[in-house]
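What the sequence shown shows, in this note's numbering, is residues 9 to 120, in sequence order.
Before any comments, here is the structure.
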Amino acid sequence: DDLFDYGTAEIGKPVGIDIKEKKMTLPLIYALQKASWLDKRRVIFNVKNNAGHRDRVQQVIDFVKQSGGLEYAIKTMERYRDEALEILHEFPESAARTSLEALINYTIEREK
9 DDLFDYGTAE IGKPVGIDIK EKKMTLPLIY ALQKASWLDK RRVIFNVKNN AGHRDRVQQV
69 IDFVKQSGGL EYAIKTMERY RDEALEILHE FPESAARTSL EALINYTIER EK
């Protein structure tokens, strides 16, 4: 869900909504960890004071994209998917296991 906020898929969720709601997402947290002190201040200011300022929201989105935040979140999501599937495969094949596998894959691959 965090990825959709940065315009990576068309699911009906408005781009930048988490930023507008001042939510710290995994891509943003990662990008801030890598940022200089000055960039951190600027981005945090833009997150806290974005009311009515589309340009500030877009600056945060651009910062996260340029800082590798989306790539990090995708890799983290894929790692958790792989771990979950590995655990599921310890159980005998069943309708429940198949349903859980489908749910895991849906949450990773969904675009809408």
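Quick reminder that beta carbons are idealized off the backbone N, C-alpha and C, glycines included.
Taking a contact as a CB-CB distance under 8 angstroms, the pair LYS30 and LYS56 counts as one, their CB atoms being some 6 angstroms apart. For ASP70, the closest alpha carbon among the candidates THR84, VAL51, ARG87, MET85 is that of VAL51. The Cβ atoms of LEU96 and GLU109 lie closer than 8 angstroms to each other. Collapsing the DSSP output to three states places GLU117 in a helix. Here ALA104 is not near PRO35, since their CB atoms are 8 angstroms or more apart. Here the alpha carbon of TYR38 sits roughly 10 angstroms from the alpha carbon of GLU79. Within its own chain, no residue has a Cβ closer than 6 angstroms to the Cβ of THR115 once the five positions on either side in sequence are excluded.
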